[in-house]
Every structure is written in C-alpha cells, then in structure tokens.
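Residue numbers (the numbering used here), protein chains in the order written: chain G, 9 to 151; chain A, 9 to 151; chain X, 9 to 151; chain P, 9 to 151. Where is the CB? At the ideal position from N, CA and C, for every residue including glycine. A quick note: this is a predicted structure, and the numbers were derived from the prediction, not measured.
Protein chains: 4
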Amino acid sequence: MEDALLKELLNVEDSIEIKVRFNDVDAMGAVHFKKYLVYFDDGFVSFMNNIQDPLSVENALKSGIVFPVKKVDIEYEASAEFGDHVIVKTRIKSIRDTSITFLHDIYRESDKALLAKVICVRLVMELESKNLVNVKQFFSKFV
Amino acid sequence: MEDALLKELLNVEDSIEIKVRFNDVDAMGAVHFKKYLVYFDDGFVSFMNNIQDPLSVENALKSGIVFPVKKVDIEYEASAEFGDHVIVKTRIKSIRDTSITFLHDIYRESDKALLAKVICVRLVMELESKNLVNVKQFFSKFV
Amino acid sequence: MEDALLKELLNVEDSIEIKVRFNDVDAMGAVHFKKYLVYFDDGFVSFMNNIQDPLSVENALKSGIVFPVKKVDIEYEASAEFGDHVIVKTRIKSIRDTSITFLHDIYRESDKALLAKVICVRLVMELESKNLVNVKQFFSKFV
Amino acid sequence: MEDALLKELLNVEDSIEIKVRFNDVDAMGAVHFKKYLVYFDDGFVSFMNNIQDPLSVENALKSGIVFPVKKVDIEYEASAEFGDHVIVKTRIKSIRDTSITFLHDIYRESDKALLAKVICVRLVMELESKNLVNVKQFFSKFV
Numbered sequence: 009m010e011d012a013l014l015k016e017l018l019n020v021e022d023s024i025e026i027k028v029r030f031n032d033v034d035a036m037g038a039v040h041f042k043k044y045l046v047y048f049d050d051g052f053v054s055f056m057n058n059i060q061d062p063l064s065v066e067n068a069l070k071s072g073i074v075f076p077v078k079k080v081d082i083e084y085e086a087s088a089e090f091g092d093h094v095i096v097k098t099r100i101k102s103i104r105d106t107s108i109t110f111l112h113d114i115y116r117e118s119d120k121a122l123l124a125k126v127i128c129v130r131l132v133m134e135l136e137s138k139n140l141v142n143v144k145q146f147f148s149k150f151v
Numbered sequence: 009m010e011d012a013l014l015k016e017l018l019n020v021e022d023s024i025e026i027k028v029r030f031n032d033v034d035a036m037g038a039v040h041f042k043k044y045l046v047y048f049d050d051g052f053v054s055f056m057n058n059i060q061d062p063l064s065v066e067n068a069l070k071s072g073i074v075f076p077v078k079k080v081d082i083e084y085e086a087s088a089e090f091g092d093h094v095i096v097k098t099r100i101k102s103i104r105d106t107s108i109t110f111l112h113d114i115y116r117e118s119d120k121a122l123l124a125k126v127i128c129v130r131l132v133m134e135l136e137s138k139n140l141v142n143v144k145q146f147f148s149k150f151v
Numbered sequence: 009m010e011d012a013l014l015k016e017l018l019n020v021e022d023s024i025e026i027k028v029r030f031n032d033v034d035a036m037g038a039v040h041f042k043k044y045l046v047y048f049d050d051g052f053v054s055f056m057n058n059i060q061d062p063l064s065v066e067n068a069l070k071s072g073i074v075f076p077v078k079k080v081d082i083e084y085e086a087s088a089e090f091g092d093h094v095i096v097k098t099r100i101k102s103i104r105d106t107s108i109t110f111l112h113d114i115y116r117e118s119d120k121a122l123l124a125k126v127i128c129v130r131l132v133m134e135l136e137s138k139n140l141v142n143v144k145q146f147f148s149k150f151v
Numbered sequence: 009m010e011d012a013l014l015k016e017l018l019n020v021e022d023s024i025e026i027k028v029r030f031n032d033v034d035a036m037g038a039v040h041f042k043k044y045l046v047y048f049d050d051g052f053v054s055f056m057n058n059i060q061d062p063l064s065v066e067n068a069l070k071s072g073i074v075f076p077v078k079k080v081d082i083e084y085e086a087s088a089e090f091g092d093h094v095i096v097k098t099r100i101k102s103i104r105d106t107s108i109t110f111l112h113d114i115y116r117e118s119d120k121a122l123l124a125k126v127i128c129v130r131l132v133m134e135l136e137s138k139n140l141v142n143v144k145q146f147f148s149k150f151v
C-alpha cells in the first residue's frame, strides 16, 4: 500500500448512531457490558462500508473473507439505558501486515458523555483455508 | 375506552426498518429464529411510541409500568441474512381488559418477501406490585 | 419408519437442567422472553442426542443437515430470575413427512412451577441445497 | 482485610465447564467474540459463589449490591465451535480499594487448547446510590 493511501485511511472517521433496545439492558437497568461489543461491531461494519462500497463487509463474507477479532481492550466510563441512543466513532489507529487496529469511542447521544473506549485488533482471513490475508493488499484492492 | 378510540387504535399500522447484524446470523448463515423476537419487540416499541409520545415505552418503564409478553405464535416463512434489512409492520388485532394482541408481519426490505408472521399477546403490569393494569384505562390516559 | 419405531419415539421424554445467567435477565428482573427459545433449543439438542448418539445434532451440522424452526407457539405462565435453574422437558408430539412437532415444558427447578409451554415445529434440511429431508427416513437411519 | 485473608483469596482458582450452544456460533462457524464475555461472566459468578456461599452473587443482587465491569482486556487465541465444551479458569490477580482484577483463562475441554485470555476489572457498587463499596470490607464480611 502506498503511503498516500495509508495516510488517507488513518484520516477517516466514521460515526454511527444506535438505539439502545430494551433487551440490551440488564437487571442493573444499564446496558450489559457485552452489548458494547455488538455496538462497536456495528461501528466496524459502518467504517468499512464507508471507505469501500456500501456492502463491502457483507460481500466479503459472501466471497469467503472474514474479519476475526484478535484482541479487545475496552474501558467502561459510564452507562447507557433503554431509550438512549449511542454514537460509535470509529477510526484506524494502525495497520500492520496481518492486522488492523481500530479505535472505537462510544458516546451517549443526548449529552455526549463518553461511555466506553475500545481498542480492537482485527485480522483479515480466508474463511475456508483459515489463511490470513495481507491487510495492505486487501485495502489496495478495495479502497 | 370509548368505541371511537378503540376503533382508532385498531386502524394504526406502524412500520419500522431494522438492519440485520452480523451477530444476528447463526451457523446456518441465516438470522437465528430467536432474533425475530427482538425484531418484533422493536416493532412493539415503535408502535407504542408512535401512538403515544416518542418515549412512551421508555418512560412507562421508568414509572414502573412494563409490558410482559404472555404468548407468542410465530410462523417462519423465509430467512434473512447479514446485509439484509427487515421491515416490521405492527398493528393491534384486539384489546381485552388485561391484554393487547399485536400482529407483527416481518418482511425482507429488498424484495418484500414475508419472513415471519407473529401474534403476540402482551399485558400491562405494575412492576413492583405485579398487578395487572386495565388496558383500556392505560390507553385512555395516554392516547 | 415402522410403527414400532414411531411409537418408541413418541414415548421418549428428555429432561435437561439449565442455570439462569445474570445476562438472561432483563430490566424487569425476570428472564427475557426471547431467552426461553434458547432454553428449549437446548432441550431439542438434548432430546436428539439422547435418542441418537451424544453428538448427533453437532455431527448433523458438520455433515450439512440442519433443523430449521418453522413455527413456535409459546405461552408464558410465570417468570424465572437470576439464580434459578430451569428444567426443560421435551417430547415429540407428532411426526409428519417433512416436519417434527416438539413439546417443551419449562419449569423452575426449585418449586416445579411451570414457566412456559412450547409447541415447536422443526424441519430437517440439507443446508447447501435447501432441500427438505424426509423426517421418517432421517430417523430410520439414525435411531 | 488482613494479609492472611488477602493471601488466601489470591490462591483460590475456580474452574467451570460450559457447553457451547448452537446459538453461540456465528456465520463463521465459530463462537462469536462477544460470547466469551458471557463465558467468563459465568466464571466470575462461579468464583464468587465458590469462596462465599453458593448463591452469593445472586443474593448480593437481591440486596442491592452489584459488580459492574470497569475494564476488559481479552486476547483471542483459538476458536470453539458447536459441540465443544469450554473451561473457564478464574483467579484474582489483585485487589485494590475499589476494584478487583480477575484473570480468566478459557480453554477448549477436549484438547485443552487455550481459546482466550482475559483480564477483567470489576467494581462493587450499591445499585441504588451508585456508591462504590470498599472491596476489602466487602470480602471481610463475606468470606
């Protein structure tokens, strides 16, 4: 991947709004901690479909390319409840040969309070062979 | 509840669009059968917030009023996959003293194929006392 | 399928115990209504692995045979909470050419209170071709 | 908390076995990455109920004490599939005034392959007041 393309990718920021469902909330009355993984997964899909074509993640799956999660670091700062909307802001922190590191910041829409900060490392993999795909090649082809 | 109000309620049809998440899909590559309960629950919330105020279900929960599900009949006609959008169309079939029967028809957005037909009976209940609330009174107050 | 085998299948009753997770419970403090679909799905797997070999459902999936749900009727009688164990009792109500109708009764373990009654119709399907498999042939081969 | 008690807590290791459900698996045929949060949450409950009484987490919730997750670091090493059993091994890494750091190692039962390594920081909180509870006091009372 040329430096220009890399630089361009690092400058993209995607933002997506998600409505908290009744079923996202647990017996503490707050969104359950595992649900944030679903929220930032939405952020990942939105980011990828934003820089590529609108169904690129869906089409990648159909053509046998998947994006397994290798690592998640998540820090919870505040909690959301039923009726809230959350905003997931996604950008790429770094790209290595076989991994992409995403940053997802999750906010409450109403008061812009930070709910969670996420670092998520993903791979690009051929589902059938389980072979990793070179990330820079993957982006060169699609972006 | 006066007949006019009842008649009005039976004429409301709500429609909401939901994006299928990667995580909604199971190892068969199709939306898992339990996820349709989440989809029509979204339809229920949308219907109620449509006829009342935009946060009526959320505010009811805060004031201690909940809508437990008493019965679900669901027939699956076709399946959705990751990348699809589904449409949930919701209307009321009947209102009795202590229950509301909803009809939810769930379609695939792209080709309008019917995915599932749902009959769902809900109660209105005070969460703390577990006492049922008279449905017609509930609607009279809010609609 | 010979009548003897059919009769035998209709006499099997399987019972499985499941611990309610914190995450199964919603903001009402009770197990969310969609979770019962996961519970009786456990009952289905247990029933099938009981009459066949201990991994028959898992192995069927590996060999491309799946059991899509065609219809669910569920009536909720009482609710479970975090800390409860539930018992799912499963038997077959009827077997037709291309469908099996299961009955699942879900109880609270501590006081044997009935929580939900389920009728669930399942198909047997080849995942790749989407062709239905004749149910009686399927059982003849495996039982 | 006396040093003896602290030392004792750091020596406890809990182990719990969990059956992977069909519904835990995603369209990649592997357990979805968010499900590991449910698995190690089971490990947390098992650990606490092991060192205290068998329903201590459940009873804490009833008395208004909850254990919100502050931070999760999870590294995925291999994947599990439908039919697998996973083992969650849980121990305490450190105890501070207002937080407990748990280590959860998640293995596949059949071949003892490591699936995921987790560091999870939890708080002890009064649900109604949202006040944090001093962790050492909490343990002194219960252990």
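X:Lys101 is positioned such that its CB atom lies no closer than 8 Å to that of X:Ile59. According to DSSP, residue pairing for P:Thr109 in a beta bridge involves P:Ser102, P:Val129. Note that the C-beta distance between P:Ile108 and P:Ala124 is not below 8 Å.
Scanning G:Val74, G:Val143, G:Arg99, G:Glu85 for the CA closest to the CA of G:Ser137 turns up G:Val74. The beta strand (DSSP E) runs lying completely inside the segment 29-92 of chain A and spanning 3 residues or more are 77-84, given in chain order. In this structure, the straight-line span from the alpha carbon of P:Lys70 to that of G:Val53 is close to 39 Å. In the three-state reduction of the DSSP assignment, G:Glu16 falls in the helix class. In the three-state reduction of the DSSP assignment, X:Lys27 falls in the strand class, which pools E and B.
For A:Asp92, same chain residues with a beta-carbon under 6 Å away, outside a window of 5 residues either side, are Val28, Arg116 in chain order. Listed along chain G is no residue with a C-beta nearer than 7 Å to that of A:Arg104; the closest approach is about 23 Å. Taking A:Gly72 as the centre and dropping the five residues before and after it, the same chain places the C-beta of Glu134, Leu135, Glu136 closer than 8 Å to its C-beta, in chain order. Listed along chain G, the residues sitting closer than 8 Å to A:Val46 by beta-carbon distance are Arg29, Asn31. Within a 10 Å sphere around the beta-carbon of G:Asp50 sit 16 or more other beta-carbons, which makes this residue buried. Check the Cα spacing between X:Glu25 and each of X:Phe41, X:Val46, X:Leu18, X:Lys149: the tightest is with X:Val46. Interface flag for X:Ala121 against chain G is unset, since no Cβ pair is found closer than 8 Å. Shortest Cα-Cα distance from A:Lys78 to any of X:Lys43, X:Ala88, X:Tyr84 involves X:Tyr84.
CA-to-CA, the gap between P:Ile82 and A:Ser23 works out to about 39 Å. Put simply, the backbone Cα of A:Val96 is about 19 Å away from that of A:Phe30.
For the C-beta of G:Tyr115, not a single chain P residue is nearer than 7 Å; the gap to the nearest is close to 18 Å. Around the beta carbon of X:Arg104, fewer than 16 other beta carbons sit within 10 angstroms, so the residue counts as exposed. Taking a C-beta distance under 8 Å as the contact criterion, X:Ala121 and X:Glu89 do not qualify as a contact pair. Against G:Gly91, the close residues of chain A are Leu63, Val65, Glu66, Asn67, Leu69, Lys70, in the order they occur along the chain (beta-carbon pairs closer than 9 Å). P:Val53 has a beta carbon lying within less than 8 Å of a beta carbon in chain X. Against chain X, a Cβ distance below 9 Å from G:Lys144 picks out nothing, because the smallest value is about 34 Å.
Under the Cβ distance rule, G:Met36 counts among the residues neighbouring chain P, one pair being separated by less than 8 Å. The beta carbon of G:Asp34 sits closer than 7 Å to the beta carbons of His40 from its chain, once the five residues preceding and following it are set aside; these are given in chain order.
Cβ contact annotation for P:Val141 (same chain, cutoff 6 Å, sequence separation greater than five): Val132, in chain order. Secondary-structure assignment with DSSP links X:Leu140 through a beta bridge to X:Met133. Put simply, the CB of P:Leu14 is far from chain G, with every gap to its CB atoms at 8 Å or more. Taken through DSSP and simplified to helix, strand or coil, X:Lys120 comes out as coil. A:Phe146 and A:Leu111 have their alpha carbons spaced roughly 19 Å apart. Beta bridge pairing from DSSP links A:Lys97 with A:Ser23, A:Asp113. Taking a C-beta distance under 8 Å as the contact criterion, P:Asp32 and P:Lys43 qualify as a contact pair. In its chain, beyond the 5 residues on either side, Leu63, Ser64, Val65 have a beta carbon closer than 7 Å to the beta carbon of G:Asn57. Residue environment: P:Ala68 is assigned as buried (16 or more neighbouring CB atoms within 10 Å of its CB, all protein chains considered). Listed along chain A are Arg29, Phe30, Asn31, each with a C-beta nearer than 8 Å to that of G:Asp49.
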